[in-house]
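Just below is one structure, and these are the notes that go with it.
In the working numbering, the protein residues as written are 14 to 338.
See the structure below:
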């Protein structure tokens with residue numbers, strides 16, 4: 014009997030240690046090892062061979078001067094998950110107008126991929142963002158220019174979490190990361206790699222990005238303004254009303270929403286189509302070039318550039334998804 018108990022204890026211990034070693038193995042500290050300047054941009058290479066472009070020194074200085082004094086980045090600025098709890102006395106107009114992009118501020122999808130769970134009710138709980146499937150370590154990018162307010166492990170279910178406050182007042186949440194490349198108070202630009210995808214805080218699921226858009230802590234459907242199979246926004250200017258902050262549908266509702274959806278504030282883009290056709294994008298690996306990708310899939314560099322809103326001289330990044338049809 015003693016042997017059975019001991020055997021059970023040993024097996025349980027091995028399973029327990031294996032589980033947690035896998036959990037913590039996901040978290041790999043990445044640190045910058047080199048910085049070069051290319052075509053006026055700062056290119057940073059990290060220890061895990063991921064690299065990203067960053068703001069130029071002049072742009073960093075410009076944005077630092079602004080964020081140091083603007084109320085957008087000084088009022089309700091802390092490292093709480095939800096920072097506007099003290100903003101109950103704030104009053105808002107019936108319609109909130111938010112400029113998403115302009116000649117200076119750009120947009121980049123945080124990740125291109127198929128949505129696995131949308132904004133809505135899920136198992137009687139409100140799912141306040143969208144989930145996009147990915148491979149472990151896939152680079153996650155800042156959606157807009159902004160300043161990092163939160164970059165650490167979150168015990169409330171988000172796992173490794175980055176929160177960015179943007180120059181238009183919106184905040185975006187990037188959750189369940191396997192690694193973080195930025196730190197609190199760092200100024201970032203749209204498209205800059207801020208983390209690697211994973212499932213921290215949700216180890217019972219597969220790797221995915223949980224992405225949220227919030228205004229004064231109130232979440233609204235990210236698919237209102239963006240789609241995750243395109244590098245284009247649905248609109249340049251967002252109009253938010255009270256109804257946008259109400260969760261009234263199932264998290265699977267996006268599966269039924271076709272191009273006729275009118276929830277786009279007059280956008281010229283059609284509504285999001287939920288999934289890629291199998292094999293319709295290529296994940297960039299070391300040594301890949303646009304011409305090699307074009308040859309592999311029987312297309313042209315010009316076609317790839319058109320589909321992905323890039324130029325033939327664009328630098329490909331490891332993990333980047335290149336749509337080819």
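Heads up, the beta-carbon is just placed ideally off N, CA and C, and yes, glycines get one too.
Mapping DSSP to helix, strand and coil, what is residue i?
i, result
"residue 227", "strand"
"residue 267", "helix"
"residue 328", "coil"
"residue 306", "helix"
"residue 233", "strand"
"residue 157", "strand"
"residue 93", "coil"
"residue 67", "strand"
"residue 103", "coil"
"residue 47", "strand"
"residue 239", "strand"
"residue 54", "strand"
"residue 180", "coil"
"residue 258", "helix"
How far does the beta strand (DSSP E) with residue i in it extend, from its first residue to its last?
i, result
"residue 71", "Taken as a continuous stretch (DSSP letters only), residue 71 belongs to no beta strand (DSSP E), being part of the alpha helix (DSSP H) at 70–80."
"residue 251", "250–253"
"residue 168", "First-last for residue 168: undefined, no H or E at that position."
"residue 135", "133–135"
"residue 3", "Because residue 3 is not part of the residues shown, which for the chain are 14 to 338, the question remains open."
"residue 335", "334–336"
"residue 144", "143–146"
"residue 216", "That residue, residue 216, is in no beta strand (DSSP E); it is neither H nor E in DSSP."
"residue 128", "128–130"
"residue 296", "294–296"
So residue i packs on residue j, CB below 8 Å; how close in whole Å?
i, j, result
"residue 162", "residue 92", "7 Å"
"residue 1", "residue 154", "No answer is possible for residue 1: it lies beyond the span of the chain, which begins at 14 and ends at 338."
"residue 131", "residue 170", "Residue 131 to residue 170, Cβ: 18 Å. No contact."
"residue 252", "residue 160", "Between residue 160 and residue 252 the Cβ distance is about 24 Å, and since that is not below 8 Å, they are no contact."
"residue 294", "residue 125", "7 Å"
"residue 193", "residue 175", "6 Å"
"residue 113", "residue 198", "Wrong, their Cβ atoms sit about 23 Å apart, outside the cutoff."
"residue 186", "residue 224", "7 Å"
"residue 55", "residue 68", "7 Å"
Determine the burial state of residue i: buried for a count of at least 16 other Cβ atoms within 10 Å of its Cβ, exposed for fewer.
i, result
"residue 321", "buried"
"residue 326", "exposed"
"residue 44", "exposed"
"residue 151", "buried"
"residue 137", "exposed"
"residue 333", "buried"
"residue 232", "buried"
"residue 6", "Outside the shown range of the chain (14 to 338) lies residue 6, about which nothing can therefore be said."
"residue 172", "buried"
"residue 268", "exposed"
"residue 341", "As displayed, the chain neither begins before 14 nor continues past 338, which places residue 341 out of reach and without an answer."
"residue 298", "exposed"
"residue 99", "exposed"
"residue 188", "buried"
"residue 65", "buried"
"residue 116", "exposed"
"residue 78", "exposed"
"residue 60", "exposed"
"residue 95", "exposed"
"residue 105", "exposed"
"residue 121", "buried"
"residue 317", "buried"
"residue 324", "exposed"
Please report the residue range of the alpha helix (DSSP H) in which residue i lies.
i, result
"residue 85", "84–87"
"residue 315", "314–321"
Going by DSSP, name the residue or residues bridged to residue i.
i, result
"residue 138", "135"
"residue 110", "252"
"residue 175", "164, 187"
"residue 200", "160"
"residue 246", "239"
"residue 206", "154"
"residue 222", "145"
Please confirm if residue i has its CB atom under 8 Å from at least one CB of chain C.
i, result
"residue 183", "Any reference to chain C falls outside this structure, which holds one protein chain only."
If you measure from the CB of residue i, is any heavy atom of the ligand NAD nearer than 7 Å?
i, result
"residue 164", "Absence of the ligand NAD is noted for the structure shown, with no ligands found whatsoever."
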